[in-house]
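Okay, structure first, notes after.
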Amino acid sequence: MVETFMLPSTGIGFAPAIILVVIAGGAALHYFFPRQGLPKLNKGSAVGIVLALLVGGGLAATFLNPSAPTIAVGPGQVSISAQVIGTMSFQATDMKQACTQTVGSGLLASMFKQSGTNYGNYNVGTYSLDNGATAYVVSDNPSNVVVELDSGLYLVLGPPSSNFTGFVSYFSENVLPVTSCS
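Using the working numbering, the first residue of the sequence shown is number 291, and each one after it goes up by one.
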């Protein structure tokens with residue numbers, strides 16, 4: 291059975307939509323309540339601007355809002371999926387070891403983002419680790435399961451704190467035993 295652990299969506303895609311809606315509201319206010327000294331918009335221009343900005347805001351919210359990143363753990367494999375890195379699956383036979391590590395220590399002492407997004411504990415994308423290796427990171431937690439792959443790449447997996455203990459247990463039972471990183 292596959293167990294899916296979901297990180298929250300960043301919601302970044304709604305920012306452009308909100309900006310466009312505010313601009314549309316400003317254009318509507320200018321049309322209905324013109325201020326002295328500013329040229330009055332004619333009705334067609336005002337309606338066109340408002341509609342274009344509202345439609346643009348809706349499209350921005352639809353196409354720019356990233357879906358929530360997920361970590362799926364099943365018998366002998368783990369899959370990660372995030373808009374910034376795509377979907378990837380890894381077999382237990384391709385993994386050397388898995389251990390828990392906290393951001394700021396060991397391999398996670400300093401992570402440098404190559405591509406993706408990060409704020410606070412939320413890190414999703416491709417990162418360089420302290421040892422110079424590349425890691426695919428899907429984490430919303432300072433505590434993570436760090437998986438070393440035979441290829442030299444790493445996975446850094448950290449579902450939200452409320453799911454972390456269950457995640458470690460499920461990963462240990464179904465993919466690879468998780469130890470404490472030294």
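All C-beta atoms in this analysis are idealised placements derived from N, C-alpha and C, irrespective of residue type, glycine included.
It should be emphasised that the depicted structure is a prediction, and the values quoted were computed from it without experimental measurement.
Quiz prompt | Inter-residue spacing [alpha-carbon to alpha-carbon] between Gly422 and Asn408 | solution = 19 Å
Exercise. Keeping to the same chain, check which residues put their C-beta closer than 6 Å to that of Ala399; ignore five residues upstream and five downstream.
Key: Asp420
Quiz item: With a Cβ-Cβ cutoff of 8 Å, do Ala475 and Leu466 count as a contact?
Solution: Because the chain here runs from 291 to 472, residue 475 falls outside it and cannot be looked at.
Quiz item: If you drop the 5 nearest sequence neighbours on each side, which residues of the same chain put their C-beta closer than 7 Å to that of Val374?
Solution: Ser405, Gly406, Thr407, Val414, Gly415
Exercise. Could you check how far apart the C-beta atoms of Val428 and Leu447 are, in whole angstroms? I think they sit under 8 Å.
Key: 6 Å
Quiz item: In chain order, what residues of the same chain lie with their CB nearer than 7 Å to the CB of Ala372, ignoring the 5 residues before and after it?
Solution: Pro359, Val414, Val428
Self-check item: Helix, strand or coil at Ile361 according to DSSP, with G and I counted as helix
Solution: strand
Practice problem: Might you give, ordered along the chain, the residues of its own chain that have their beta carbon closer than 6 Å to the beta carbon of Leu288, omitting 5 neighbours on each side? | Solution: Residue 288 lies beyond the residue range present for the chain, which begins at 291 and ends at 472; the question has no answer from this structure.
Self-check item: Coil, strand or helix - Gly394 by DSSP
Solution: coil
Quiz item: Ala425 by DSSP, collapsed to three states: which one?
Solution: strand
Quiz prompt | Rounded C-alpha distance that separates Thr455 from Val363 | solution = 14 Å
Practice problem: Determine the closest residue to Ser470 out of Val368, Val312, Thr390, with distance taken between C-alpha atoms. | Solution: Thr390
Exercise. Label Phe461 either buried or exposed according to how many other C-beta atoms from any shown protein chain fall within 10 Å of its C-beta, with 16 as the threshold for buried.
Key: Counting Cβ neighbours within 10 Å, Phe461 comes out buried, since at least 16 surround it.
Quiz prompt | Beta carbon of Asn434 nearer than 8 Å to that of Val468 | solution = With a cutoff of 8 Å on beta-carbon distance, Asn434 and Val468 are scored as not near each other.
Quiz item: Under a Cβ-count criterion, where at least 16 other Cβ atoms within 10 Å of its own Cβ denotes burial, should Met401 be classed as buried or exposed?
Solution: So Met401 counts as buried.
Quiz item: If you follow the beta strand (DSSP E) that Asn434 is part of, which residue opens it and which one closes it?
Solution: 433–439
Practice problem: Leaving out five residues on either side along the sequence, give the residues of the same chain with a beta carbon under 6 Å from the beta carbon of Asn464. | Solution: Val363, Pro365
Practice problem: Could you round the C-beta distance between Leu297 and Asp430 to whole angstroms and report it? I think they count as a contact, below 8 Å. | Solution: 4 Å
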